[in-house]
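Numbering (the UniProt record's numbering), first residue to last: 1 to 461.
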């Protein structure tokens with residue numbers, strides 16, 4: 001029996017060895033195995049994966065005060081986002097270098113033509129714009145690290161927390177003085193084979209412009225005006241002190257800030273899932289100076305001239321005020337909780353958001369659960385239905401209207417803007433480009449009725 005077991009083990013081992021020899025030659029398997037191995041090691045060795053970043057203060061804790069599950073709102077995820085920012089300059093210029101290097105495949109006569117039309121000067125100007133953008137990026141990194149240090153200097157949740165924060169700063173190219181001040185060291189390591197996520201950084205810079213530059217007021221105003229108008233219709237000065245406004249998918253935060261500013265007696269909770277967008281939001285609310293950013297310089301298609309490609313827009317942060325009634329939160333709004341606090345009215349305001357859902361029914365459920373914490377639940381929406389990555393369902397306007405009715409929502413208003421001859425809405429659109437994207441908008445304001453939902457369900461049965 002022992003011999004049989006030994007032979008069986010040998011056969012199994014041999015089979016596994018043969019299978020592994022084939023799999024090692026298969027690139028997707030190698031990538032998957034390496035990722036699995038790195039994740040397992042980091043989960044075991046990195047305490048930052050066990051530390052939750054509490055918003056809006058950047059204090060570190062073991063649990064989240066505003067979300068039932070903290071998900072990916074850990075110190076580790078925040079460090080990953082800051083690392084992407086720290087790599088922006090080198091990776092951005094490296095990618096721009098690819099544009100230059102491709103010209104080496106051309107004939108000498110073609111290269112001469114490029115010099116005569118100053119093509120290489122344009123590539124060099126893009127490099128300079130990346131350097132200029134990096135000034136703003138570095139300000140964001142410093143802002144977050146300073147908040148982490150300042151708001152956790154007396155934090156005793158973990159014995160080695162000061163060392164963890166020092167290591168975090170060092171990994172991002174800073175050291176801390178005895179007074180807790182940040183000092184740049186210039187020691188930033190970028191792993192050549194590590195995946196680049198620079199597209200998300202470029203997108204975040206674009207959103208900073210879109211939310212806070214006067215150049216993009218034409219995109220923001222239609223959204224702000226509709227949401228403000230619907231809130232104004234439903235709120236009375238005597239009741240808005242007992243009102244909560246929730247803004248999921250807040251991005252870099254201008255809509256939520258405008259609501260909090262216009263309705264100062266309402267409590268406004270801004271919720272964003274992306275760590276990059278969240279830190280840009282916090283930065284925008286606190287930075288005391290305007291910025292100059294070139295949001296389109298790293299896109300080479302559709303430009304009229306090099307000056308248009310590399311042009312700067314002013315990001316107007318100097319006069320931005322953080323309203324006292326605004327709570328800027330980092331997390332998954334499906335896990336958001338009011339902590340059992342009751343309100344007379346809760347408004348959920350979604351702009352360019354509901355089509356980001358993989359499962360739109362989860363969004364419905366998360367919103368409808370707020371009815372347990374208020375007497376009156378409202379949903380104000382504006383945006384297209386341009387569904388994103390791997391949606392399980394993709395509703396038309398009419399299907400979405402029927403679904404709201406079936407689930408117990410009563411529309412106070414609904415409007416579809418899709419006439420090309422009327423004003424459609426841009427979104428991070430380059431208005432000097434040969435290609436300009438515009439969106440039609442679905443606008444609705446609905447009130448939830450639990451009895452209506454129960455009646456509709458019974459009738460469908």
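Heads up, the beta-carbon is just placed ideally off N, CA and C, and yes, glycines get one too.
All figures in this text were calculated on a predicted structure; none of them were measured in a lab.
Three or more beta-carbon pairs separated by less than 8 Å are not found between the region 363-378 and the region 270-284, which leaves the two stretches without contact. A straight-line Cα-Cα distance of about 14 Å links residue 319 and residue 211. Minimum Cα-Cα distance from residue 225 among the listed residues 135, 259, 112 and 215 corresponds to 259.
When C-alpha distances from residue 92 are compared across 104, 123 and 241, the shortest belongs to 123.
Looking at 232, 109 and 271, the one whose alpha-carbon comes closest to that of residue 250 is 271. Beyond the five residues adjoining it in sequence on each side, residue 357 comes within less than 6 Å, by CB distance, of 363 in the same chain, given in chain order. Here residue 441 has 382, 417 and 425 as same chain residues with Cβ atoms under 6 Å from its own Cβ, once five neighbours each way along the sequence are excluded. Less than 9 Å separates the beta-carbon of residue 263 from that of residue 325. By the neighbour-count criterion, in which a residue is buried when 16 or more other Cβ atoms sit within 10 angstroms of its Cβ, residue 184 is exposed. DSSP places residue 328 inside the beta strand (DSSP E), whose first and last residues are 326-330. The straight-line gap separating the alpha-carbon atoms of residue 256 and residue 128 is approximately 33 Å. Under the three-state reduction of DSSP, residue 167 is assigned to helix. Its chain contains no residue whose beta carbon lies nearer than 7 Å to that of residue 305 once the 5 sequence neighbours on both sides are disregarded. The C-beta of residue 438 has fewer than 16 other C-beta atoms within 10 Å across all chains shown, which makes the residue exposed. Unbroken alpha helix (DSSP H) stretches of 4 residues or longer found wholly inside the region 190-234: 198-212 and 217-234, given in chain order.
In the DSSP assignment, residue 351 falls outside any alpha helix (DSSP H) and within the unbroken beta strand (DSSP E) covering 343-351.
Judged by DSSP secondary structure, residue 338 falls outside any beta strand (DSSP E); it is assigned neither H nor E. Distance from the Cα of residue 156 is smallest, within the candidate group 59, 235, 293 and 403, for 59. Per the C-alpha coordinates, the member of 82, 359, 56 and 229 positioned closest to residue 388 is 359. Between residue 285 and residue 253, the gap from beta carbon to beta carbon is short of 9 Å. A direct Cα-Cα distance of roughly 20 Å separates residue 196 from residue 136. Distances from the alpha-carbon of residue 74 to those of 399, 294, 241 and 50 put 50 closest. Burial is judged here by how many other beta carbons sit within 10 angstroms of a residue's own beta carbon; residue 130 has at least 16 and is buried.
Counting every other CB atom within 10 Å of its CB across the protein chains shown gives residue 199 a total below 16, marking it as exposed. Here the alpha carbons of residue 103 and residue 110 stand approximately 9 Å from one another. About 6 Å separates the Cβ atoms of residue 315 and residue 209, confirming a contact at the 8 Å cut-off.
In the three-state DSSP reduction, residue 112 falls in the helix class (H, G or I). Here the alpha carbons of residue 431 and residue 296 stand approximately 11 Å from one another. Nearest to residue 65 by C-alpha distance, out of 337, 428 and 341, is 337. Going by DSSP, residue 120 is part of the alpha helix (DSSP H) stretching over 119-150.
In terms of Cβ geometry, residue 293 and residue 132 form a close pair [threshold 9 Å]. In this structure, residue 321 places its C-beta atom within 9 Å of the C-beta atom of residue 261.
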